[in-house]
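All letters in the sequence shown, in the order written, are residues 257 to 698 by the working numbering.
We treat Cβ as the ideally placed atom computed from N, Cα and C, and that holds for glycine.
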Amino acid sequence: MKITVFGAGYVGLVTGACMAEMGNHVLCVDVDPRKIDMLKRGEVPIHEPGLDTMIQRNAAAGRLQFTTDAAAAVAHGTMQFIGVGTPPDEDGSADMRYVLAVAKTIGQHMTDYKVVIDKSTVPVGTADKVRATIAAQLAERGTPMSYAVVSNPEFLKEGAAIDDFMKPDRIVIGSDDERATLLMRAVYAPFMRNSDRLVMMDVRSAEFTKYAANAMLATRISFMNELARLADVLGADIEWVRKGIGSDPRIGTHFLYPGTGYGGSCFPKDVKALVYAGKENGVRLGVLEAVEAANDRQKRVLVDKIVARYGEDLRGRTFAMWGLAFKPNTDDMRYAPSRTIVAELSARGAEVQAYDPVAMKEAARVMPDVPGLRFASGWMSALEGADALLVVTEWKEIRNPDFDAIKSALKDAVIFDGRNLYEPALMKSLGIHYQGVGRGER
């Protein structure tokens, strides 16, 4: 099947590469010529495990191609996936300019039946706007043509997107067009050899499903972070609490890990967009407002612990920071808690020596002029001359580090663990003052 994917970002590249992997002929289009040139050279502009080799393999086989020629892209595929960004506006609403620009382009150039698939995370009602935009262009051209608009939201975890796409736990499709539904089933059939994972519904419900899923996961994170703050005061260990409630099958274990707050491209944006949609329609979503407020507070939890130990004036203090990306296995710095932590420490006069195995370049781009911020060459070099260590991203290679070496390198044997990677009892036995999230001072 010939497939066109608009957008060579995270969603578009993963979609295009995985579709090509199943034997489809995929043409990926983007307005950024620099990005397209990189991809044609076999370079990938984002970090996602396994994506680079998949792109290179399918490009070499001729199944995956890249272009800036929108007209050629529209002509290429019956299936037109829209995977462009929907960044938040200042009021929290999703910016739909790029999605509607693609719809306009499709309407300007299509010459036969197309299935236009909203893969981007978009507000409820977007399919109607896409449909109207295409219709307006066809009317302007005086060339009536049949087409369908389908909602097919992505449920990809950064750092595990290839697995998520190739082995989906569900494929949500919102469609009111029988022909489009049959084509969508055909597209996804290779991904469902063992069982039917399709969840068919109307278009608006499909659009709503993506927001609801992310909002639920964000709620679980903020809920546990709120409990962790209380556990700190009460002297309970939130890790035992997490295991206790997670063993209840009605609750489960996923997204119950307290930490420094959620970040990335999805949860912050989608919670804001859902709250905005509620306000626009006269429905206040108080729970999600609280989720967002709790997350903003949680990004400062390590700073609060540092200030409680060292005081508000941190001039002359240096802190080692392990991890910068909002989660491991990605270089994504969007809404990353590390950005808030660095800014708060810098504002108090502290210096920060940070290391991340993947996100250093992106961190330097988004934090170019932060006073006192330096990037180290490795995990241990970040400790040199530092008063204490902050653990911000749970990379696997720091789950069992050399604690004797850490203790020797630090001026003050203190670890502020924002991911609860280490056991308080072990830290105490090693003579390290340890503060996790919701574990009290151990």
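Its Cα nearest to that of ASP425, the residue ALA416 stands out among CYS284, ALA416 and SER431. Contact check for ASP432 against ASP458 passes: the beta carbons are separated by less than 8 Å.
Taking a C-beta distance under 8 Å as the contact criterion, ALA599 and ALA638 do not qualify as a contact pair. Within its own chain, the residues whose Cβ lies closer than 6 Å to the Cβ of LYS296, once the five positions on either side in sequence are excluded, are PHE322, listed in chain order.
Comparing alpha-carbon positions, the option among VAL380, GLN336, ALA350 and PRO593 lying closest to LYS360 turns out to be GLN336. Taken in chain order, the complete alpha helix (DSSP H) segments of 4 residues or longer contained in the segment 295-381 are 307-316, 326-332 and 353-365. DSSP places ARG630 inside the beta strand (DSSP E), whose first and last residues are 629-631. Counting only runs that start and end inside the segment 620-691, the alpha helix (DSSP H) elements of at least 4 residues fall at 659-665 and 680-685. Residue environment for TYR369: exposed (fewer than 16 other C-beta atoms within 10 angstroms of its C-beta).
Nearest in C-alpha terms to PHE575, of all of VAL282, ILE671, VAL455 and THR334, is ILE671.
Taking 8 Å as the upper bound for CB-CB distance, ALA669 and ILE688 are in contact here, some 5 Å apart. Under the criterion of beta carbons closer than 8 Å, THR465 and VAL428 qualify as touching, at roughly 5 Å. Closest in alpha carbon position to PRO593, among LEU558, SER402, PRO657 and VAL267, is LEU558. Secondary structure of THR271 (DSSP, three-state): helix.
The beta carbon of ALA632 is closer than 7 Å to those of GLN609, ALA610, TYR611 and ALA638 in its chain, skipping five residues each way along the sequence.
Counting only runs of at least 3 residues, the segment 531-597 fully encloses the following beta strand (DSSP E) elements, listed from N- to C-terminal order: 574-578.
Taken through DSSP and simplified to helix, strand or coil, THR260 comes out as strand. Rounded to whole angstroms, the gap between the alpha carbons of GLY674 and ALA395 is 56 Å. Judged by pairs of C-beta atoms under 8 Å, the segment 436-444 does not touch the segment 485-497, as fewer than three such pairs exist.
Taking a contact as a CB-CB distance under 8 Å, the pair ILE338 and LYS291 does not count as one, their CB atoms being some 17 Å apart. By the C-beta density criterion, TRP635 is buried, having at least 16 other C-beta atoms within 10 angstroms. A residue is called buried when at least 16 other Cβ atoms come within 10 angstroms of its Cβ; ASP588 meets this threshold and is buried. ALA615 sits in coil when the DSSP states are folded into three classes, being neither helix nor strand. Counting other Cβ atoms within 10 Å of its Cβ, ASP347 stays below 16 and is therefore classed as exposed. Distance from the CA atom of VAL270 to the CA atom of LYS525, rounded to whole angstroms, is 20 Å. In the displayed model, GLY430 falls within a strand according to three-state DSSP.
Annotated three-state conformation of GLU410 is coil, per DSSP. Take the alpha-carbon of GLU545 and the one of THR516: they are about 18 Å apart.
For LEU454, there is no enclosing alpha helix (DSSP H); the enclosing beta strand (DSSP E) has its first and last residue at 454-457. Under the three-state reduction of DSSP output, ALA404 falls in the strand class. The segment 451-524 contains, as complete alpha helix (DSSP H) runs of 4+ residues, the segments 459-490 and 494-502 (chain order).
Per DSSP, the beta-bridge partners of GLN609 are ALA576 and ARG630. A direct Cα-to-Cα measurement between THR382 and THR324 gives close to 25 Å.
Nearest to VAL405 by C-alpha distance, out of GLU650, THR334, TRP578 and ASP493, is THR334.
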